[in-house]
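K.L.:
Just so we're aligned: 106 in our numbering is position 52 of the sequence shown, and the numbers increase by one with no gaps anywhere.
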Amino acid sequence: MSDFDALGPVSEEFLKKRNDEKAQLQLLNTRFASYIEKISSLKLQNKELTLEVESLRSYSSTSITEMQTEETSKLVNENKDLLSDITSLKVEQDKLKKRLDEEIRSKKDAEKLCEELRVELEAEKQKLKSETEELQKKIKFQQKLHDKEVVELKRTVQMKVTKGSDQVDNSKSELAVVLDKIRKQYEDIAKGNITKAEELYKHQIEEQRRTANKNRDELTKAQQEITELKSQIQNFTSEISSLQSTIKTMEDNHKHEKDSLDSKINQMKGDMANQLCKYQNLLCVKMELDMEISCYRTLLDEEERRIGILKPDNNTSSNTDSSQGKEPPEKTTVSSSDQDLKVETRETTVNESIVSTSINQVKELTSSNPDVSQKQEQSGMTSPPVTEKTQETENQKG
Numbered sequence: 055m056s057d058f059d060a061l062g063p064v065s066e067e068f069l070k071k072r073n074d075e076k077a078q079l080q081l082l083n084t085r086f087a088s089y090i091e092k093i094s095s096l097k098l099q100n101k102e103l104t105l106e107v108e109s110l111r112s113y114s115s116t117s118i119t120e121m122q123t124e125e126t127s128k129l130v131n132e133n134k135d136l137l138s139d140i141t142s143l144k145v146e147q148d149k150l151k152k153r154l155d156e157e158i159r160s161k162k163d164a165e166k167l168c169e170e171l172r173v174e175l176e177a178e179k180q181k182l183k184s185e186t187e188e189l190q191k192k193i194k195f196q197q198k199l200h201d202k203e204v205v206e207l208k209r210t211v212q213m214k215v216t217k218g219s220d221q222v223d224n225s226k227s228e229l230a231v232v233l234d235k236i237r238k239q240y241e242d243i244a245k246g247n248i249t250k251a252e253e254l255y256k257h258q259i260e261e262q263r264r265t266a267n268k269n270r271d272e273l274t275k276a277q278q279e280i281t282e283l284k285s286q287i288q289n290f291t292s293e294i295s296s297l298q299s300t301i302k303t304m305e306d307n308h309k310h311e312k313d314s315l316d317s318k319i320n321q322m323k324g325d326m327a328n329q330l331c332k333y334q335n336l337l338c339v340k341m342e343l344d345m346e347i348s349c350y351r352t353l354l355d356e357e358e359r360r361i362g363i364l365k366p367d368n369n370t371s372s373n374t375d376s377s378q379g380k381e382p383p384e385k386t387t388v389s390s391s392d393q394d395l396k397v398e399t400r401e402t403t404v405n406e407s408i409v410s411t412s413i414n415q416v417k418e419l420t421s422s423n424p425d426v427s428q429k430q431e432q433s434g435m436t437s438p439p440v441t442e443k444t445q446e447t448e449n450q451k452g
């Protein structure tokens, strides 16, 4: 007799109960298989998200930092070059200003000297004119005096002639000789005075002419120097204006380049902040997936415990199942899935530390750059709130 026959008749109620348990176990097996498939797909998604997070982290931490360092060093070098150029141009401008001031002072001195020479020339002209007039007056006075003396001599001679008419004939020859001598003497004296006056006048005129020519030459030379100084002043003024325009152009270009680079840096900071926000959102999605995985794990643990509790009661049914050709549900996959879940839990803790560092970087960027915070407020990209599920997951992981 077989063992089954030895058990005796089985009640219908027990068979019905066993069939229900079998159906329930099959349903649980199918659900368990679907859970395993979902866990494997979630693991793949978790790996993809981890790779994406690592790529974003490496991009945000290395590429942008190196780019900012390179741009900053380039800007610092350009700023130093521009400052050195501006300093040299300012030194050259100061030298030209000093030279211009010296030339202006020399021009004023030359104009003052010319004015003094002009005044002296006018004074000498007036002096020579007055001396010439005095000499002419002296000559006229001497001529009048000579004429008076001649008239008086003639008168005395006539008086002598009238008084001594008798003696006229005898002394006529002697009187004529005396008159001729006196006339010659006065004529010689008059000629000598006239000659001396003319020579003195000519000498003084010649001296004044030489002085005037000398003053005229000096005035011409001073005017030429003034003209040269004016041309030099114009050249220096044009050079200073060109240097000032060059300095202004360089300052405008430097300011424009600085503004453009600042805008690029702000744009890069905004892009980095956006990438970090996307990264944070992806990590939040990952955390939600981890929470779902943990929920599935708890369900599987409960199911495993329930199956483990029912195992001693179902020893009799195992023979029935083996006789009917049905195998019991496999439980080895549960242990492997638990190991995978433990590995995922460790990865989740590591990624949470990455999330915290990324959040701190985003906060630092937004605090240092108000434009980025405004862009985030406008676009609505704020840090997602920590839900109760995340807190429960963290408590379970702790």
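Idealized CB from N, CA, C, for every residue including glycine.
Since we're looking at a predicted model, the values are computed, not measured.
Would you check if there are 3 or more beta carbon pairs closer than 8 Å linking the region 80-100 to the region 347-363?
P.N.:
Cβ pair count under 8 Å is three or more, so yes.
K.L.:
Given a threshold of 16 other Cβ atoms within 10 Å of its Cβ, counted over all protein chains shown, does residue 345 qualify as buried or as exposed?
P.N.:
Its Cβ being crowded by 16 or more others within 10 Å, residue 345 is buried.
K.L.:
Buried or exposed for residue 337, please, with buried defined as at least 16 other CB atoms from any protein chain shown within 10 angstroms of its CB.
P.N.:
The residue is buried, with at least 16 neighbouring Cβ atoms inside 10 Å.
K.L.:
Hey, is the region 129-140 in contact with the region 308-317, meaning 3+ C-beta pairs nearer than 8 Å?
P.N.:
At 8 Å Cβ cutoff, the stretches touch.
K.L.:
Quick one: what's got a C-beta closer than 7 Å to residue 255's C-beta in the same chain, skipping five residues either side?
P.N.:
Result list for residue 255: 186, 189, in chain order.
K.L.:
Does the region 200-209 come close enough to the region 163-173 that 3 or more CB-CB pairs lie under 8 Å?
P.N.:
No, the region 163-173 is not in contact with the region 200-209.
K.L.:
For residue 125 and residue 312, I'd like the C-alpha separation in whole angstroms.
P.N.:
Near 11 Å, if we compare the C-alpha coordinates of residue 312 and residue 125.
K.L.:
I'd like to know whether the C-beta atoms of residue 157 and residue 294 end up nearer to each other than 8 Å.
P.N.:
No, the Cβ-Cβ distance between residue 157 and residue 294 is not below 8 Å.
K.L.:
How many angstroms separate the CA atom of residue 356 from the CA atom of residue 97?
P.N.:
So the two alpha carbons sit approximately 21 Å from each other.
K.L.:
Which runs of the beta strand (DSSP E), 3 residues or longer, sit entirely within the region 287-356?
P.N.:
Taking only runs of at least 3 residues, no beta strand (DSSP E) segment lies wholly in the region 287-356.
K.L.:
Would you check if the region 171-180 and the region 260-272 touch, i.e. whether three or more CB-CB distances between them fall below 8 Å?
P.N.:
Touching, per the Cβ criterion.
K.L.:
With a 10 Å radius around its C-beta and 16 neighbouring C-beta atoms as the bar for buried, classify residue 104 as buried or exposed.
P.N.:
Buried, because 16 or more other Cβ atoms sit within 10 Å of the Cβ of residue 104.
K.L.:
Counting C-beta neighbours from all protein chains within 10 Å, is the total for residue 100 16 or more, i.e. buried, or is it exposed?
P.N.:
Buried.
K.L.:
Whose C-alpha, out of 196, 233, 162, is nearest the C-alpha of residue 208?
P.N.:
Closest by alpha carbon: 233.
K.L.:
When the Cα atoms are used, what is the spatial distance from residue 340 to residue 74?
P.N.:
Using only the alpha carbons, I get a separation of about 39 Å.
K.L.:
Between residue 81 and residue 343, what straight-line distance do the alpha-carbon atoms span, to the nearest angstrom?
P.N.:
Taking the straight line from one Cα to the other gives about 25 Å.
K.L.:
Roughly how many angstroms lie between the CA atoms of residue 275 and residue 261, to the nearest whole one?
P.N.:
Whole-angstrom Cα-Cα distance: 21 Å.
K.L.:
Can you give me the C-alpha to C-alpha distance between residue 243 and residue 279, rounded to a whole angstrom?
P.N.:
Whole-angstrom Cα-Cα distance: 53 Å.
K.L.:
Taking the C-alpha atoms as reference points, what is the distance between residue 119 and residue 304?
P.N.:
Spanning the two alpha carbons is a distance of roughly 29 Å.
K.L.:
Quick check: what's the CA-CA separation for residue 321 versus residue 145?
P.N.:
Roughly 38 Å separates the two Cα atoms.
K.L.:
If contacts are defined as beta-carbon pairs under 8 Å, then residue 143 and residue 290 qualify, I think. What distance do you get, rounded to the angstrom?
P.N.:
About 15 Å separates the two Cβ atoms, so there is no contact after all.
K.L.:
Starting from the C-beta of residue 132, find all residues in its chain whose C-beta is less than 8 Å away, skip the five residues before and the five after it, and write them out in chain order.
P.N.:
Closer than 8 Å at the Cβ level, and outside the excluded window around residue 132, lie 308, 311.
K.L.:
Using DSSP with H/G/I as helix, E/B as strand and the rest coil, what is residue 70?
P.N.:
Residue state, collapsed to three classes: helix.
K.L.:
Can you tell which of 301, 245, 72 has the C-alpha that lies nearest to the C-alpha of residue 147?
P.N.:
Looking at the Cα atoms, 301 is the closest of the given residues.
K.L.:
Cβ of residue 152 within 8 Å of Cβ of residue 283?
P.N.:
No; because the gap between Cβ atoms is not below 8 Å, this pair is not in contact.
K.L.:
Using a 10 Å radius around the Cβ and a threshold of 16 neighbouring Cβ atoms, would you call residue 71 buried or exposed?
P.N.:
It counts as exposed.
K.L.:
Round the Cβ separation of residue 165 and residue 265 to the nearest angstrom and send it over; I've been treating them as touching at under 8 Å.
P.N.:
Their Cβ separation, rounded to whole angstroms, is 21 Å, which puts residue 165 and residue 265 out of contact at 8 Å.
K.L.:
Excluding the five sequence neighbours on either side, which residues of its own chain have a C-beta within less than 7 Å of the C-beta of residue 318, listed in chain order?
P.N.:
None.
K.L.:
Below 8 Å on the Cβ atoms is my guess for residue 182 versus residue 258; work out the distance and round it to an integer in Å.
P.N.:
Yes, they are in contact, since the Cβ atoms of residue 182 and residue 258 sit about 6 Å apart, within 8 Å.
K.L.:
Output the distance between the C-alpha atoms of residue 176 and residue 140, rounded to the nearest integer angstrom.
P.N.:
Distance between the alpha carbons of residue 176 and residue 140 is about 53 Å.
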